[in-house]
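*Asks:* Handing you a structure now.
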Amino acid sequence: MLKQTEGSHAMAEAIALCRPEVICAYPITPQTHIVEGLGEMVAAGELKNCEFINVESEFAALSVAIGASAAGVRTYTATASQGLLFMAEAVYNAAGLGLPIVMTIGNRAIGAPINIWNDHTDSMSMRDAGWIQIYAETNQEAVDLHIQAFRLA
1 MLKQTEGSHA MAEAIALCRP EVICAYPITP QTHIVEGLGE MVAAGELKNC
51 EFINVESEFA ALSVAIGASA AGVRTYTATA SQGLLFMAEA VYNAAGLGLP
101 IVMTIGNRAI GAPINIWNDH TDSMSMRDAG WIQIYAETNQ EAVDLHIQAF
151 RLA
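Under this note's numbering, the first residue of the sequence shown carries the number 1, and numbering increases by one thereafter.
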C-alpha cells in the first residue's frame, strides 16, 4: 500500500527493515524523529531482538555502538552538528577498529551559540576519519541509501 510520510519517519521504517539489534542514540535536532520512531517501534515490539538504548550523550551513543558492534551485533546510531563533534574521538576509534556501524548524520551547521540551519560542516569535519559517507538529495534517496548502508557496512 502506498502512503506519504515525513522523510525522517520513512528513514526510521527503512532502518527497521534492516533489523538492527542495537540502536543507541542521544536526541539532537534534526535526527530526533528518526530515533524517536525507532524507539517507539522497539517499545511496541515491532523490532524483534532489538534493544534501544537512550544514552546520556552523543559520545556515549557511539561508545555503546562500538561495544555492540565489536560483540558482533548489527548496530545503528544517529547524530548531528555539535553531537558529531562530541563523538569525534569515538568516530576515529570505530573506524580504526573497522566496525560496521551505520550512523545517520542529520546534517546541521556547526556554530555558536546555536545554529539549526542545514549544511555539511558537521560531516565534513569528519571526512578524513575513515568512515564511508553517503549523501542523499531527496527523502527517497535517504531511505534507499540507509538500506544500502547496512549492506555496505
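Beta carbons are placed, not taken as given, at the ideal position from N, Cα and C, and that holds for glycine.
Note that the coordinates shown come from a computational prediction; the quantities given were computed from them, not determined experimentally.
(1) Could you tell me the boundaries of the alpha helix (DSSP H) in which residue 54 lies?
(2) Could you spell out where the alpha helix (DSSP H) holding residue 34 opens and where it closes?
(3) Run the CB neighbour count on residue 154, radius 10 Å, all protein chains shown included, and call it buried at 16 or more, exposed below.
(4) May I ask which residues mark the beginning and end of the beta strand (DSSP E) holding residue 76?
(5) Give the secondary structure of residue 70 by DSSP, where H, G and I count as helix, E and B as strand, and everything else as coil.
(6) Compare the Cα-Cα distances from residue 118 to each of 109, 124, 126 and report the closest residue.
(7) Could you check the C-alpha separation between residue 147 and residue 113 for me, to the nearest Å?
(8) From the DSSP output, in three-state form, read off residue 142 for me.
(9) Report the CB separation of residue 29 from residue 60 in whole angstroms; it is logged as a contact under 8 Å.
(10) Can you tell me which of 102, 124, 144 puts its alpha carbon nearest to the alpha carbon of residue 24?
(11) Examine the Cβ distances between the stretch 47-56 and the stretch 5-12 and report whether three or more of them are shorter than 8 Å.
(12) May I ask you to report which of helix, strand or coil DSSP gives residue 121?
(13) Taking the beta strand (DSSP E) that residue 103 belongs to, which residues open and close that run?
(14) Given a cut-off of 8 Å, decide if residue 20 and residue 76 are closer than it, judged by their beta-carbon atoms.
(15) Whose C-beta lies closer than 7 Å to the C-beta of residue 145 among residues of the same chain, with five residues either side of it excluded?
(16) So, at 6 Å on beta carbons, what are the nonlocal neighbours of residue 14 in its own chain, with the 5 sequence-adjacent residues on each side left out?
*Replies:* Judging by the given coordinates:
(1) By 1-based counting over the sequence shown, the position of residue 54 is 54. Judged by DSSP secondary structure, residue 54 falls outside any alpha helix (DSSP H) and instead within the beta strand (DSSP E) spanning 51-54.
(2) Taking the first residue of the sequence shown as position 1, residue 34 is located at position 34. That run of the alpha helix (DSSP H) goes 32-43.
(3) Residue 154 lies beyond the range of the chain shown here (1 to 153); nothing can be said about it.
(4) On the sequence shown, residue 76 is found 76 positions in, with the first residue counted as 1. Counting along the chain, the beta strand (DSSP E) containing residue 76 begins and ends at 75-79.
(5) Taking the first residue of the sequence shown as position 1, residue 70 is located at position 70. Of the three classes helix, strand and coil, the one that applies to residue 70 here is helix, per DSSP.
(6) The residue you call residue 118 lines up with position 118 of the sequence shown. The shortest Cα separation from residue 118 among 109, 124, 126 belongs to 109.
(7) By one-based count along the sequence shown, residue 147 stands at place 147. By one-based count along the sequence shown, residue 113 stands at place 113. Each residue's Cα considered, the two are about 35 Å apart.
(8) As a first step, residue 142 must be located in the sequence shown, where it is residue number 142. Looking at residue 142 - three-state DSSP - the assignment turns out to be helix.
(9) Indexing the sequence shown from 1 puts residue 29 at position 29. Indexing the sequence shown from 1 puts residue 60 at position 60. That belief does not hold up - the Cβ atoms of residue 29 and residue 60 are roughly 18 Å apart, past 8 Å.
(10) The count along the sequence shown starts at 1 and reaches residue 24 at position 24. Of the listed residues, the one whose Cα sits closest to residue 24 is 102.
(11) Taking a cut-off of 8 Å on C-beta distances, the stretch 47-56 does not touch the stretch 5-12, as fewer than three cross pairs fall below it.
(12) Here the question's residue 121 lines up with position 121 in the sequence shown. If DSSP states are grouped into helix, strand and coil, residue 121 belongs with the helices.
(13) Start at 1 with the first residue of the sequence shown, and residue 103 comes out as number 103. For residue 103, the enclosing beta strand (DSSP E) stretches over residues 102-105.
(14) Taking the sequence shown and counting its residues from 1, one reaches residue 76 at position 76. Taking the sequence shown and counting its residues from 1, one reaches residue 20 at position 20. Yes. Within cutoff.
(15) The residue labelled residue 145 in the question sits at position 145 within the sequence shown. Within the same chain, residue 145 has close Cβ partners 134, 136.
(16) Within the sequence shown, the letter at position 14 stands for residue 14. In its chain, beyond the 5 residues on either side, 143, 146, 147 have a beta carbon closer than 6 Å to the beta carbon of residue 14.
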